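*Asks:*
There are 2 protein chains.
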Amino acid sequence: MQTINLKTLASALGLSVSTVSKALQDSHEISPETKQRVWQLARELDYVPNPHASSLRRKRSKIIAVVIPEVADSFFTLAMKGIEVVAQQKGYHTLIYLTYESLTKEQTILHDFQSGRVDGLIISLSGQTTHIDHVTALERKGIPVVLFDRIFEGTTLPLITTNDLESGYLATQHLIRQQCRRIAFLSVSDSLSITRQRQQGYLNALTDSHLPSEPDLMLTLPAHAADQEAIMTQLLTGPKAPDGIVASVEKTAILTYQLCEKLHLSIPEQLKVISFSNLETAPLLNPSLSTITQPAFDMGEAAARTLFGLIERKSLRTMLPLQCIPSVLIPRRSTQLLAG
Amino acid sequence: MQTINLKTLASALGLSVSTVSKALQDSHEISPETKQRVWQLARELDYVPNPHASSLRRKRSKIIAVVIPEVADSFFTLAMKGIEVVAQQKGYHTLIYLTYESLTKEQTILHDFQSGRVDGLIISLSGQTTHIDHVTALERKGIPVVLFDRIFEGTTLPLITTNDLESGYLATQHLIRQQCRRIAFLSVSDSLSITRQRQQGYLNALTDSHLPSEPDLMLTLPAHAADQEAIMTQLLTGPKAPDGIVASVEKTAILTYQLCEKLHLSIPEQLKVISFSNLETAPLLNPSLSTITQPAFDMGEAAARTLFGLIERKSLRTMLPLQCIPSVLIPRRSTQLLAG
DNA sequence: TTTATTTACGAAATCGTTTTCGTAAACCGG
DNA sequence: CCGGTTTACGAAAACGATTTCGTAAATAAA
Numbered sequence: 001m002q003t004i005n006l007k008t009l010a011s012a013l014g015l016s017v018s019t020v021s022k023a024l025q026d027s028h029e030i031s032p033e034t035k036q037r038v039w040q041l042a043r044e045l046d047y048v049p050n051p052h053a054s055s056l057r058r059k060r061s062k063i064i065a066v067v068i069p070e071v072a073d074s075f076f077t078l079a080m081k082g083i084e085v086v087a088q089q090k091g092y093h094t095l096i097y098l099t100y101e102s103l104t105k106e107q108t109i110l111h112d113f114q115s116g117r118v119d120g121l122i123i124s125l126s127g128q129t130t131h132i133d134h135v136t137a138l139e140r141k142g143i144p145v146v147l148f149d150r151i152f153e154g155t156t157l158p159l160i161t162t163n164d165l166e167s168g169y170l171a172t173q174h175l176i177r178q179q180c181r182r183i184a185f186l187s188v189s190d191s192l193s194i195t196r197q198r199q200q201g202y203l204n205a206l207t208d209s210h211l212p213s214e215p216d217l218m219l220t221l222p223a224h225a226a227d228q229e230a231i232m233t234q235l236l237t238g239p240k241a242p243d244g245i246v247a248s249v250e251k252t253a254i255l256t257y258q259l260c261e262k263l264h265l266s267i268p269e270q271l272k273v274i275s276f277s278n279l280e281t282a283p284l285l286n287p288s289l290s291t292i293t294q295p296a297f298d299m300g301e302a303a304a305r306t307l308f309g310l311i312e313r314k315s316l317r318t319m320l321p322l323q324c325i326p327s328v329l330i331p332r333r334s335t336q337l338l339a340g
Numbered sequence: 001m002q003t004i005n006l007k008t009l010a011s012a013l014g015l016s017v018s019t020v021s022k023a024l025q026d027s028h029e030i031s032p033e034t035k036q037r038v039w040q041l042a043r044e045l046d047y048v049p050n051p052h053a054s055s056l057r058r059k060r061s062k063i064i065a066v067v068i069p070e071v072a073d074s075f076f077t078l079a080m081k082g083i084e085v086v087a088q089q090k091g092y093h094t095l096i097y098l099t100y101e102s103l104t105k106e107q108t109i110l111h112d113f114q115s116g117r118v119d120g121l122i123i124s125l126s127g128q129t130t131h132i133d134h135v136t137a138l139e140r141k142g143i144p145v146v147l148f149d150r151i152f153e154g155t156t157l158p159l160i161t162t163n164d165l166e167s168g169y170l171a172t173q174h175l176i177r178q179q180c181r182r183i184a185f186l187s188v189s190d191s192l193s194i195t196r197q198r199q200q201g202y203l204n205a206l207t208d209s210h211l212p213s214e215p216d217l218m219l220t221l222p223a224h225a226a227d228q229e230a231i232m233t234q235l236l237t238g239p240k241a242p243d244g245i246v247a248s249v250e251k252t253a254i255l256t257y258q259l260c261e262k263l264h265l266s267i268p269e270q271l272k273v274i275s276f277s278n279l280e281t282a283p284l285l286n287p288s289l290s291t292i293t294q295p296a297f298d299m300g301e302a303a304a305r306t307l308f309g310l311i312e313r314k315s316l317r318t319m320l321p322l323q324c325i326p327s328v329l330i331p332r333r334s335t336q337l338l339a340g
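Chains as they are written, first to last, in the UniProt record's numbering: chain A, 1 to 340; chain B, 1 to 340.
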């Protein structure tokens, strides 16, 4: 079975390759009758243009890249879905890459894009990422980039974020109102802007309530699971254990739940927990988990729309350079104040 | 900033394009000295070959496609991760497509692959898919295809599955042993092989325990969320409500939990629930959810390895046509037999 | 020393589309 | 009826890499 291409169609119709090509693109240079003939044969033979040839000639591939640290996380999963919906609708294809929180991997992946493999990039930075030279390098080569959620401060690249500072503040304030006095803050990276923002919100809330901030209560968990568990156990069972936790990453909340079960600590009696999370099962957990729920899907959608805006009319940079879609705090049992 | 390609390198070095190309591929035709010169300049100028040109000429793109019904599902998320790990390791790129359980979308997506866009395809069928002509069409065009999890019976395409029949049996048997007598079976599609297998296991278990099978207890939920809720509510509050549920899809278990809370039905006292699921939070739910946990990551990995096997040495079809990786039943509180 | 073979490179065709440009033929106004 | 403009198409040059083939020079074999 030989593959069918423009040449096949052209010779079958007694036309030239260029005519067939133009006809398929509905060019005004081609007569209506010829177009009909071409379209019909193309349909009959089930012609599908070769995308590599097309990408080579036009200098655009109709492919975008999505680079995220992790996929086993409800936020990224939902964001990806938001991106994919828009991409599919716009007729774009989506390459997905996972960095597993590694800067090196992130750099390697982005480096390849210099080749023109993709028309644009949507990225959420790895936890290790402390500079974005590899990202701006792409932008300089004319490849549109949109950062979302895990952004970088002080760049002029388009950003899609949520109100992390405010949310960190509200989460902490919520715990304080539920009478927590020793509130811990958990994260997985201290280099991320998003973490710093949330943490700053946490600190501001403490200050505003005249509570001291203790370095011991601000934990950045290492990548390795076993180490995470050790450190967390130490925190929870130590003499200066917290009575409230702000989990800035979903994973750390899950870890907290697991350890509380193991250590027979009861939530919310002994420890109240609120987490940045998009877990669909948050309301079903034992106890149901209070969350700062980010507009994950919407952020993905916004990132995609912004990217396609940049791709399709590169000149007009009239798009907002920063879009902030607010999160919402949903109080549940894990932060409930119990009578007694 | 002009893009740098083989011609740039060649003229800068006073060599021909073909020599440079061969040097970069470490061809034996090129002298060691020349190779060194080429490699050094390529490194200095940060040359990255254009993948579209390369894909066009060789007839392979080093891109694979992953087509799945949904991404907001822990099984598919994990499987995707398994695939991505292998792909990254093998130097392949991964295009991701979501069908949202729609056959039409699935067909449209696959149709495009006839063009040679991808070197191979890993697919898990949509809930609507009742035939796989669109899949076999690709295979016939010489594009390797691997089906995983949601496979199709009676095809010779390579399959990666888990022991659905047996797991359906074990799940049901487990409920029976916990003294359930009216056990319902929930699914989202009755056309999927995987559903039929699980359901057959369910039926076999009933028969072996001399329990009747009632059609009213075997529910295929519609796609729309509101309808799902109505039907489930009817089931749970009706006069012939079940005392046990086998959820063949994670979503249906979550729905059950949500409704039980709303309807003030207590699990496991009034209703025991076991679900096919890979939820990381299953142990943390209220109550903790008994699951049939599928080897999602491993299945993804196996699918990818099988695919690359087919791609890289197309001739030897010595690979197993069917790989079955067993699931495990993890009993938790949601099916616990309470004293009294 | 002559012939055969290897070594190291370049010219050019090729992959399948897109796009520019050229040009017959048809059509137009005057 | 004649210069000028459309109209509708084809030839050919891209896009950037790969690969086949040809060939001078260098080396080996006889």
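Here a beta-carbon is modelled for each residue, glycine too, at the ideal position from N, C-alpha and C. All values derive from a computational prediction rather than experimental measurement.
Is arginine 117 (chain B) buried or exposed, if buried means 16 or more other CB atoms sit within 10 Å of its CB?
*Replies:* Looking at its Cβ environment, which holds 16 or more other Cβ atoms inside 10 Å, arginine 117 (chain B) is buried.
*Asks:* Does any CB atom of chain B fall closer than 7 Å to the CB of methionine 80 (chain A)?
*Replies:* It does: the Cβ of methionine 80 (chain A) has a partner Cβ on chain B nearer than 7 Å.
*Asks:* Give the DSSP bridge partners of leucine 236 (chain B), in chain order.
*Replies:* According to DSSP, leucine 236 (chain B) bridges with nothing at all.
*Asks:* Is it true that the CB of isoleucine 292 (chain A) sits closer than 7 Å to the CB of serine 266 (chain A)?
*Replies:* Result no, Cβ atoms of serine 266 (chain A) and isoleucine 292 (chain A) do not sit closer than 7 Å.
*Asks:* Check the DSSP bridge columns for alanine 65 (chain A) and list the partner residues they point to.
*Replies:* Beta-bridge pairing links alanine 65 (chain A) to A:Leu95, A:Leu121.
*Asks:* State the start and end residues of the unbroken beta strand (DSSP E) segment that holds threonine 220 (chain A).
*Replies:* Segment 218-220, the beta strand (DSSP E) holding threonine 220 (chain A).
*Asks:* CA-CA distance, leucine 236 (chain A) and isoleucine 245 (chain A)?
*Replies:* Rounded to the nearest angstrom, the two C-alpha atoms are 10 Å apart.
*Asks:* Can you confirm whether proline 51 (chain B), when its beta carbon is compared against all beta carbons of chain A, has any partner nearer than 7 Å?
*Replies:* Yes, because at least one Cβ of chain A sits closer than 7 Å to the Cβ of proline 51 (chain B).
*Asks:* Out of A:Ser191, A:Ser193, A:Ile176, A:Ser277, point me to the one whose CA is closest to proline 242 (chain A)'s CA.
*Replies:* The residue with the shortest Cα to Cα distance from proline 242 (chain A) is A:Ile176.
*Asks:* So, is threonine 104 (chain B) buried or exposed, given that buried needs 16 or more other C-beta atoms within 10 angstroms?
*Replies:* It counts as exposed.
*Asks:* Under 8 Å between beta-carbons, which chain A residues line up against isoleucine 254 (chain B)? List them in chain order, please.
*Replies:* Simply Glu280, Thr281, Leu284.
*Asks:* Which residue wins for smallest C-alpha separation from isoleucine 4 (chain B), given the options B:Glu29, B:Asn50, B:Glu301?
*Replies:* Nearest C-alpha to isoleucine 4 (chain B): B:Asn50.
*Asks:* Would you tell me roughly how many angstroms separate the C-alpha atoms of histidine 134 (chain B) and isoleucine 123 (chain B), rounded to the nearest one?
*Replies:* Spanning the two alpha carbons is a distance of roughly 12 Å.
*Asks:* Determine, using beta carbons only, whether methionine 299 (chain A) and phenylalanine 152 (chain A) come nearer to each other than 7 Å.
*Replies:* It is not a contact, given that the beta carbons lie outside the stated cut-off.
*Asks:* Check the DSSP bridge columns for phenylalanine 276 (chain B) and list the partner residues they point to.
*Replies:* DSSP, once it has assigned bridges, lists B:Ile292 as partnering phenylalanine 276 (chain B).
*Asks:* Please classify arginine 198 (chain A): is it buried, with 16 or more other beta-carbons within 10 angstroms of its beta-carbon, or exposed?
*Replies:* That one is buried.
*Asks:* Tell me, which residues are paired with leucine 322 (chain A) by DSSP?
*Replies:* BP columns for leucine 322 (chain A) point to A:Leu159.
*Asks:* Taking Cβ-Cβ distances below 8 Å as the criterion, which residues of the UniProt domain "HTH lacI-type" (4-58) of chain B are in contact with chain A?
*Replies:* Here the close residues are Asp46, Val48, Pro49, Asn50, Pro51, His52, Ala53, Ser55, Leu56.
*Asks:* Would glutamine 25 (chain B) be called buried (16 or more neighbouring beta carbons within 10 Å of its own) or exposed?
*Replies:* It counts as exposed.
*Asks:* Nearest chain B C-beta to serine 115 (chain A) closer than 7 Å, yes or no?
*Replies:* Yes - at least one Cβ of chain B is within 7 Å of the one on serine 115 (chain A).
*Asks:* Quick one: grab the DSSP three-state call for phenylalanine 185 (chain A).
*Replies:* Residue state, collapsed to three classes: strand.
*Asks:* Which residue from B:Phe297, B:Gln2, B:Pro32, B:Leu138 puts its Cα closest to that of aspartate 46 (chain B)?
*Replies:* Among B:Phe297, B:Gln2, B:Pro32, B:Leu138, the Cα nearest to that of aspartate 46 (chain B) is on B:Gln2.
*Asks:* Leaving aside the five residues before and after isoleucine 194 (chain B) along the sequence, list all residues of the same chain whose C-beta is less than 6 Å from its C-beta, in chain order.
*Replies:* These residues qualify, in order along the chain: Arg150, Asp164.
*Asks:* Using the rule of at least 16 other Cβ atoms within 10 Å of the residue's Cβ for burial, across every protein chain shown, is threonine 281 (chain B) buried or exposed?
*Replies:* Label assigned to threonine 281 (chain B): buried.
*Asks:* Short of 6 Å in beta carbon distance, which residues of its chain neighbour glutamine 146 (chain A), apart from the five on each side in sequence? Order them along the chain.
*Replies:* Note that residue 146 (chain A) is valine in the sequence shown, not glutamine. Same-chain partners within the cutoff: Ile122, Pro158, Ala303, Thr306, Leu307.
*Asks:* With DSSP as the reference, label threonine 176 (chain A) as helix, strand or coil.
*Replies:* This sequence places isoleucine at residue 176 (chain A); threonine is not what is there. Helix at isoleucine 176 (chain A).
*Asks:* Quick check on alanine 171 (chain A): does DSSP put it in helix, strand or coil?
*Replies:* Three-state result, alanine 171 (chain A): helix.
*Asks:* So, under 8 Å CB-CB, glutamate 84 (chain B) and isoleucine 96 (chain A) are touching, yes? Tell me the CB distance rounded to an integer number of Å.
*Replies:* Confirmed, about 7 Å.
*Asks:* Determine whether the Cβ of leucine 95 (chain B) lies closer than 7 Å to any Cβ atom of chain A.
*Replies:* So yes, leucine 95 (chain B) belongs to the interface.
*Asks:* Return helix, strand or coil for alanine 137 (chain B), following the three-state DSSP convention.
*Replies:* Of the three classes helix, strand and coil, the one that applies to alanine 137 (chain B) here is helix, per DSSP.
*Asks:* Between isoleucine 132 (chain B) and the rest of its own chain, which residues show a CB-CB distance below 6 Å, the 5 nearest in sequence each way excluded?
*Replies:* Counting only Cβ-Cβ distances below 6 Å, and skipping sequence neighbours, we find Phe152.
*Asks:* From the DSSP secondary-structure annotation, give me the bridge partner or partners of phenylalanine 148 (chain B).
*Replies:* Answer by DSSP bridge pairing, in chain order: B:Ile160.
*Asks:* Using the beta-carbon count (16 or more within 10 Å), is leucine 56 (chain B) buried or exposed?
*Replies:* Leucine 56 (chain B) is buried by the Cβ-count criterion.
*Asks:* Could you tell me which chain B residues have their CB closer than 8 Å to the CB of serine 61 (chain A), listed as they occur along the chain?
*Replies:* Within chain B, the residues near serine 61 (chain A) are His52.
*Asks:* In the DSSP assignment, find the unbroken beta strand (DSSP E) run with glycine 244 (chain A) in it and report its ends.
*Replies:* First-last of the beta strand (DSSP E) with glycine 244 (chain A): 244-247.
*Asks:* DSSP puts isoleucine 330 (chain A) in a beta bridge; with which residues?
*Replies:* Answer by DSSP bridge pairing, in chain order: A:Thr291.
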